[in-house]
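*Asks:* Going by the numbering used here, the sequence shown wraps up at 338, each residue one higher than the last.
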Amino acid sequence: MADIIDGKALAEDVVAKVKVETATLAKSDVTPGLAVVIVGEDPASQVYVASKSRRAKECGFHSVQHSLPVETSEHALVSLVEDLNADPAIHGILVQLPLPEHIDETRIIQAIDPEKDVDGFHFINVGRLGTGALDSAFVPCTPAGAMLMLERVRGKDLSGLSAVVIGRSNIVGKPMANLLLAANATVTIAHSRTKDLPALARTADILVAAVGRPEMIRGDWVKLGATVIDVGINRIPAPEKGEGKTRLVGDVAFAEAKESAGAITPVPGGVGPMTIAMLMANTLTSAFRTAGLEPPAF
Ligand code: GUN
41 MADIIDGKAL AEDVVAKVKV ETATLAKSDV TPGLAVVIVG EDPASQVYVA
91 SKSRRAKECG FHSVQHSLPV ETSEHALVSL VEDLNADPAI HGILVQLPLP
141 EHIDETRIIQ AIDPEKDVDG FHFINVGRLG TGALDSAFVP CTPAGAMLML
191 ERVRGKDLSG LSAVVIGRSN IVGKPMANLL LAANATVTIA HSRTKDLPAL
241 ARTADILVAA VGRPEMIRGD WVKLGATVID VGINRIPAPE KGEGKTRLVG
291 DVAFAEAKES AGAITPVPGG VGPMTIAMLM ANTLTSAFRT AGLEPPAF
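1. Rounded to a whole number of angstroms, what is the C-alpha to C-alpha distance between A126 and L264?
2. Between the region 248-261 and the region 191-207, are three or more C-beta pairs nearer than 8 Å?
3. Let's test the definition: count the other Cβ atoms within 10 Å of the Cβ of S176 and tell me whether it reaches 16, buried, or not, exposed.
4. By the DSSP assignment, the alpha helix (DSSP H) with T243 in it spans what residues?
5. With respect to the alpha helix (DSSP H) encompassing R287, which residues constitute its N-terminal and C-terminal limits?
6. Starting from the N-terminal side, write out each stretch of the alpha helix (DSSP H) that is 4 residues or longer and does not extend beyond the region 89-140.
7. State yes or no: is the C-beta of L137 nearer than 7 Å to some heavy atom of the ligand GUN?
8. Give me the DSSP bridge partner(s) of A277.
9. When we look at the beta-carbon of T146 and count the other beta-carbons within 10 Å, is it buried (16 or more) or exposed?
10. Mind checking who G73 pairs with in its DSSP beta bridge?
11. Given a threshold of 16 other Cβ atoms within 10 Å of its Cβ, counted over all protein chains shown, does E52 qualify as buried or as exposed?
12. Between the alpha carbons of T171 and A217, how many angstroms are there, rounded?
13. Within its chain, find whatever has a CB closer than 7 Å to the CB of I130; leave out the 5 residues flanking it on each side and keep chain order.
14. Residues bridged to A230 by DSSP?
15. Can you tell me whether T64 is buried or exposed, with buried defined as 16 or more other CB within 10 angstroms of its CB?
16. In or out: R258 buried (at least 16 other Cβ within 10 Å) or exposed?
17. Thinking just about the alpha-carbon of each residue, which of V271, T286, I269 and D270 is nearest to the one in P277?
18. Quick check on DSSP: helix, strand or coil for A321?
19. Using the C-alpha atoms, what's the distance from N274 back to G290?
20. Please tell me whether, using a cut-off of 7 Å, the distance from the CB of D270 to the nearest non-hydrogen atom of the ligand GUN is below it.
If you want it as structure tokens, here you go:
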């Protein structure tokens, strides 16, 4: 039976450290500032954005939220981003994705000052991560959180371990692979076109699932003793709870996988809570850098 890696508890540890370090910064008269921008009314995005703003306030940050109507033009959004770039009270800018179809996401992300890009999506930060310049990069929050969880089980040096990342998205799969590589793991990125995915998954000491398909990774895909990091958050019908009810599941069939895994992240309560905690850590890091101070390590 696997150890369950408690993302909620670890996220609280990260946030507790952010609060302490925010109090340290206050002695230099600096308050970390986070601006969160949302365009449109997507209910899931509204929930995420509200919890990001709430967490930022709880950390003692200057927290601002810009909620714009769905018909906002690309030009107006770029203007807002430019204003936030120029605002010295703001250290982190997050534009919630997805954006409405008439807005070019790449154009908006590239308009964000790379030194305030706490999502780590700007080409400059992608390049820093890809070249191993981790001291100056902002690392995307979900893979950064997943790495912290992995560290708790395997330590910081993954030399000699094989890692398989299932999923090749820019937000999770690719940055996760780069982080694993920077930690000396031997990394394979698998995806929907990979041949015999179950056999490949079974070679992994570290298995990261980021595909967005409910319970796709079955128990017999997991090597005995492997560390399984489940990044998926999928809402599926749960008729057993009553008509119209739903529940959250990961990309991994948890009940099966925990029989072979050495350690596994649950859903909910795994990687999910870590994402927002790492956004707070990134915003704090940005404020330290702007003040010319060495940021704390997480
Ligand atoms: N939408 C879903 N996840 C994310 C994220 O990590 N950052 C942003 N900006 N939008 C998202």
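C-beta: ideal position from N, C-alpha, C; glycine also. Because the structure is a prediction, the values reported are computed rather than measured.
*Replies:* The answer reads as follows:
1. 52 Å
2. yes
3. By the neighbour-count rule (16 or more Cβ atoms within 10 Å), S176 is not buried but exposed.
4. Here T243 belongs to no alpha helix (DSSP H), and DSSP marks it neither H nor E.
5. Premise fails: R287 lies in the beta strand (DSSP E), T286 to V289, not in any alpha helix (DSSP H).
6. 114-126
7. yes
8. According to the sequence shown, residue 277 is Pro rather than Ala. The partner list for P277 (beta bridge, DSSP) reads T286.
9. It is exposed - the Cβ of T146 has fewer than 16 other Cβ atoms within 10 Å.
10. Under DSSP, G73 forms a beta bridge with H102.
11. exposed
12. 12 Å
13. G73, A75, L124 and K156
14. I206
15. exposed
16. The residue is exposed, with fewer than 16 neighbouring Cβ atoms inside 10 Å.
17. T286
18. Correct three-state label for A321: helix.
19. 6 Å
20. For the ligand GUN, not one heavy atom lies less than 7 Å from the Cβ of D270.
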